Amino acid sequence: MLKVFSTPEDPSIAIADAIAQIGANAELVLLHGTTVGTNTVLQRKGARIALVTTRGFEDAIEIGRQARPKLYDFFFDRVEPLVSRDMRYGVDERIDSIGTVLRAPTSAELDGMVEVLEIARPQAIAVCLLFSFVNSKNEKAVAAALRRLSVPLSISHEILPEFREYERMSTVAVNAYLQPTMQRYLERLQDRVPVRKNSRRSTVFVMQSSGGITTLATAAREPVRTVLSGPAGGIVGAAAVARRSGFERIITFDMGGTSTDVALVDRVPRTESQAEVAGLPVGIPMLDIHTVGAGGGSLARFDAGGALRVGPESAGADPGPIAYGRGMQPTVTDANLLLGRLRSDRFLGGAFVLDAERCAAVTREWLSRNHSKLSLKQFAAGVIRVVNSTMEKAIRVVSIERGHDPRDFALVAFGGAGGLHACELADALSIPTVIVPALPGALSAFGILVSNVVKDYSRTILLRVKGRLPADQLEREFGILKGRAEKEFRAEQWDGRPKHQQSIDVRYLGQGYELNIPFGRSVLQDFHAVHRRRYGYAHPDREVELVTVRLRSVLKSPQSTLAPWTAQRKGSRPARNERAKVHLGREMEVAVHDRQDLVAGRNYKGPAVVTEYSATTVVPETKKFRIDQARNLIIVTR
3 MLKVFSTPED PSIAIADAIA QIGANAELVL LHGTTVGTNT VLQRKGARIA LVTTRGFEDA
63 IEIGRQARPK LYDFFFDRVE PLVSRDMRYG VDERIDSIGT VLRAPTSAEL DGMVEVLEIA
123 RPQAIAVCLL FSFVNSKNEK AVAAALRRLS VPLSISHEIL PEFREYERMS TVAVNAYLQP
183 TMQRYLERLQ DRVPVRKNSR RSTVFVMQSS GGITTLATAA REPVRTVLSG PAGGIVGAAA
243 VARRSGFERI ITFDMGGTST DVALVDRVPR TESQAEVAGL PVGIPMLDIH TVGAGGGSLA
303 RFDAGGALRV GPESAGADPG PIAYGRGMQP TVTDANLLLG RLRSDRFLGG AFVLDAERCA
363 AVTREWLSRN HSKLSLKQFA AGVIRVVNST MEKAIRVVSI ERGHDPRDFA LVAFGGAGGL
423 HACELADALS IPTVIVPALP GALSAFGILV SNVVKDYSRT ILLRVKGRLP ADQLEREFGI
483 LKGRAEKEFR AEQWDGRPKH QQSIDVRYLG QGYELNIPFG RSVLQDFHAV HRRRYGYAHP
543 DREVELVTVR LRSVLKSPQS TLAPWTAQRK GSRPARNERA KVHLGREMEV AVHDRQDLVA
603 GRNYKGPAVV TEYSATTVVP ETKKFRIDQA RNLIIVTR
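Heads up: the sequence shown begins at 3 in my numbering, then just goes up one per residue.
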């Protein structure tokens, strides 16, 4: 395992540096998870884009939905659309709700549109016409005319052929906003990666938000599918390593430097078709991940009332925590160091030593400036309690609030900071087992490595059903999607036949939102059962509406069956019997173990601190832990 410092000005530089350090040759195949898309949207540093839509609907992207993000706050800041008013162009065309062409755009109309946009000089264009998901004829005509401009196009019937105009329009706008940035980044990455000679296929693959990899060309064309690329790898990796220890029902807990991502996996990772990124609706399939601004770099502060707050602001990589040598405001990492939970001489295997003296001195001065009478230990313990509370709420969102009892799941903790907080969160939620995989700081990378090739397709159909399922019509709809999937797999030169997973979005007639149900003869009965579990009631005699058919096509990748890594032992070196004073509710003396010294199958007792290259795990007193046959650290909390 190797970790290098990031290069925000061009992330491909850090990747090339890591490849050079491991001595990779021209046979390299790179599987890549990226936050470039996420950061571009969060920081509003994407392309200057234009939107082409049906005349009269140019402002739909700004009007959005009537739902208020903060019901009682009259002064909240509304999220601005990615495309400005002067860059929205309306085309005189119309298709009705059943797909009949009421008005087609004329050649003169299309020529005028191209002339106006040529003057505006957008860097990318989003095209989203009314009801193009039913009949794409007019949208195809508009796209054909726009190709004369030689700028990237995002076309709604190709990216998201579904109803709900606002969400579809927002999704294609996000895609267009990211296209130039992602294309440049991926091209630079491709240039810096050693290439196989005489290879017909791409050697760089990108993780999608849905939990599967895709080719570099597809990721550049549809970058909206990569906005949760990194966190998705963590969920896939957590499910894979937990399964090898006999756990199929898990809650993933990924605590990094800036944020914490949590998800619930009930045997298989769950995807959702409607999500938000930086307040903008995105309608492509994503793993169901809940993110909060709580990480090792989250900044502590006192609010106007004197209450201690932690996050969502972060110190980031620059300046970083105080202990890294440049930061001036306390972070969660600094709090863990002050409490002795984080060992300054064992960070990254001792390659980077944390400055404990500077951490104490700067934090003490910061407390004095903020007129706080708290001691260093009291303050640090408070920071841990506050950040734990934030992360506990996040886990409740994906479990208790969705009808799942966390006592039925194991907590899989990873990321650089996950092991430091996992046991306390498990105690708060009565989760009986904590699993810390080998090299937890790189589990997202492992998840990407063992991911399959995945393509997702959908189409809105809006069929009313009462009693009998229109099986023949649904099979035809799925057949169209399967044909498209197999054509794209062949075009990308993949070997083998994909496995198709069919599902339908279903709702009671008159409802505004749907539940996704696996397709089969019992889909209606399954819908009633799922509705009852989710909402507490069902109406078996009520008319049902089949809204959107969905196809997930999965092709097993060659590396998806790889065994997880194992911790490498350092020869015959005897285990170190180190003890240290650590604050765990109260100050106590605890054993400090190097994870590589733990003997598989042997039972150990807390309190203890377990260190390794990429992370540290804190085990409170009364807890038992062991390394199992899969090299996972298993902590029994109950």
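Beta carbons: idealized from backbone N, C-alpha and C, even for Gly. Source: prediction; values computed, not measured.
Taking the straight line between their C-alpha atoms, what separation do you get for T550 and H541?
Position 548 of the sequence shown, counted from the first residue, corresponds to residue 550. Position 539 of the sequence shown, counted from the first residue, corresponds to residue 541. Whole-angstrom Cα-Cα distance: 20 Å.
Between the Cα of A296 and the Cα atoms of P283, S261 and R328, which residue gives the shortest distance?
Sequence index remark: in the sequence shown, residue 296 carries index 294 (1-based). Nearest option by C-alpha distance: S261.
Going by the beta-carbon positions, is the gap between V226 and V270 smaller than 8 Å?
The residue labelled residue 226 in the question sits at position 224 within the sequence shown. The residue labelled residue 270 in the question sits at position 268 within the sequence shown. For V226 and V270, no; Cβs fall outside 8 Å.
Could you tell me if G58 is buried or exposed, where buried requires 16 or more neighbouring beta carbons within 10 angstroms of its beta carbon?
Taking the first residue of the sequence shown as 1, we reach residue 58 at position 56. So G58 counts as exposed.
With burial defined as no fewer than 16 other Cβ atoms inside 10 Å of the residue's Cβ, what is the status of A277: buried or exposed?
For the purposes of this step, residue 277 is taken as the residue at position 275 of the sequence shown. A277 should be labelled buried.
Segment contact flag, the stretch 414 to 430 with the stretch 232 to 244, C-beta cutoff 8 Å, min 3 pairs:
yes
Quick one: measure Cβ to Cβ for V601 and R581, integer angstroms, because I've assumed they're closer than 8 Å.
As a position in the sequence shown, residue 601 is number 599, starting the count at 1. As a position in the sequence shown, residue 581 is number 579, starting the count at 1. Going by Cβ atoms, the distance from V601 to R581 rounds to 19 Å, so no, they are not a contact pair.
Can you tell me whether DSSP reads K572 as helix, strand or coil?
Translated into the one-based positions of the sequence shown, residue 572 becomes position 570. Any reading at K572 is ruled out, since the residue's pLDDT is 46, under 50, leaving its predicted position unreliable.
Outcome for V103 when other beta-carbon atoms lying within 10 angstroms are tallied against a minimum of 16
Mapped onto the sequence shown, residue 103 falls at position 101. With fewer than 16 other Cβ atoms within 10 Å, it is exposed.
With a 10 Å radius around its C-beta and 16 neighbouring C-beta atoms as the bar for buried, classify F78 as buried or exposed.
By 1-based counting over the sequence shown, the position of residue 78 is 76. Under this definition F78 is an exposed residue.
Taking the continuous alpha helix (DSSP H) assigned at F381, which residues delimit it?
Reading the sequence shown from its first residue, position 379 is the one you call residue 381. Element bounds for F381: L378 to V400.
State the start and end residues of the unbroken alpha helix (DSSP H) segment that holds M171.
Numbered from its first residue, the sequence shown carries residue 171 at position 169. Residues E167 to R194.
Please return the same chain residues whose Cβ sits closer than 7 Å to the Cβ of A122, not counting the five positions on each side in sequence.
Within the sequence shown, numbered from 1, the residue matching residue 122 stands at position 120. So the list reads A52 and M89, once near-sequence residues are dropped.
Which complete alpha helix (DSSP H) runs does the stretch 96 to 172 hold, if anything under 4 residues is left out?
109 to 122, 139 to 148 and 158 to 161
Alpha carbon of S275 to alpha carbon of I463, nearest angstrom
Numbered from its first residue, the sequence shown carries residue 275 at position 273. Numbered from its first residue, the sequence shown carries residue 463 at position 461. The alpha-carbon atoms of S275 and I463 are separated by roughly 16 Å.
Nearest by alpha-carbon distance to D263: which of V54, A242 and G298 is it?
Walking along the sequence shown from the start, residue 263 turns up at place 261. Minimum Cα distance to D263 is reached at G298.
If you check the beta carbons only, do T228 and A49 fall under 8 Å apart?
Taking the first residue of the sequence shown as 1, we reach residue 228 at position 226. Taking the first residue of the sequence shown as 1, we reach residue 49 at position 47. Taking 8 Å as the Cβ cut-off, T228 and A49 do not qualify as a contacting pair.
Taking DSSP as the reference, what is the three-state secondary structure of G420?
Counting from one through the sequence shown, the residue named residue 420 turns up at place 418. Looking at G420 - three-state DSSP - the assignment turns out to be helix.
Could you check if G2 is buried or exposed, using at least 16 other CB atoms within 10 Å of its CB as the buried criterion?
The question about residue 2 has no answer, for the chain in this structure spans 3 to 640.
Is the beta carbon of I63 sitting closer than 8 Å to the one on Y168?
As a working mapping, residue 63 is identified with position 61 in the sequence shown. As a working mapping, residue 168 is identified with position 166 in the sequence shown. Closer than 8 Å, so yes.
Between the stretch 94 to 111 and the stretch 127 to 142, are three or more C-beta pairs nearer than 8 Å?
yes
Does the stretch 118 to 135 touch the stretch 9 to 18, meaning 3 or more C-beta pairs lie closer than 8 Å?
no
On the DSSP letters alone, give me the boundaries of the beta strand (DSSP E) that E591 sits inside.
On the sequence shown, residue 591 is found 589 positions in, with the first residue counted as 1. Where E591 is concerned, the enclosing beta strand (DSSP E) stretches over E589 to D596.
Under the three-state reduction of DSSP, which class applies to N41: helix, strand or coil?
Along the sequence shown, read from residue 1 onward, the residue named residue 41 stands at position 39. Helix.
For the alpha helix (DSSP H) that K457 lies in, which residues bound it at each end?
By 1-based counting over the sequence shown, the position of residue 457 is 455. Per DSSP, K457 belongs to no alpha helix (DSSP H); it is in the beta strand (DSSP E), V455 to V467.
Backbone secondary structure at S231 - three-state DSSP
If you number the sequence shown from 1, residue 231 lands on position 229. Correct three-state label for S231: helix.
For V279, which three-state DSSP category applies?
Start at 1 with the first residue of the sequence shown, and residue 279 comes out as number 277. Strand, per DSSP.
Beta-carbon spacing of V279, V176 below 8 Å
Taking the sequence shown and counting its residues from 1, the one referred to as residue 279 is at position 277. Taking the sequence shown and counting its residues from 1, the one referred to as residue 176 is at position 174. Cβ distance < 8 Å, so V279 and V176 count as in contact.
Just verifying my parser: in three-state terms, what is the DSSP assignment at L2?
With the chain running from 3 to 640 in the structure shown, residue 2 is simply not present.
Delimiting residues of the beta strand (DSSP E) encompassing S707
In the structure as shown, the chain begins at 3 and stops at 640. Residue 707 is therefore absent and cannot be evaluated.
So, for V532: in the same chain, excluding its five sequence neighbours on each side, which residues have a beta-carbon less than 8 Å away from its beta-carbon?
As a first step, residue 532 must be located in the sequence shown, where it is residue number 530. Excluding positions up to five away in sequence, the list reads L517 and I519.
Separation of R398 from Q527, as counted between CA atoms:
As a working mapping, residue 527 is identified with position 525 in the sequence shown. As a working mapping, residue 398 is identified with position 396 in the sequence shown. Approximately 28 Å, taken between the alpha carbons.
If we count Cβ pairs, one from each stretch, closer than 8 Å, do we get three or more for the stretch 315 to 329 versus the stretch 242 to 249?
no
Of the residues R536, R499 and D497, which one's Cα is nearest the Cα of R509?
By 1-based counting over the sequence shown, the position of residue 509 is 507. With distances taken between Cα atoms, R509 lies closest to R536.
Between which two residues does the alpha helix (DSSP H) harbouring Q513 extend?
Stepping through the sequence shown from its first residue, residue 513 is reached at position 511. Neither: Q513 is in no alpha helix (DSSP H) and is coded neither H nor E.
Under a Cβ-count criterion, where at least 16 other Cβ atoms within 10 Å of its own Cβ denotes burial, should G498 be classed as buried or exposed?
On the sequence shown, position 496 is the one that residue 498 refers to. The residue is exposed, with fewer than 16 neighbouring Cβ atoms inside 10 Å.
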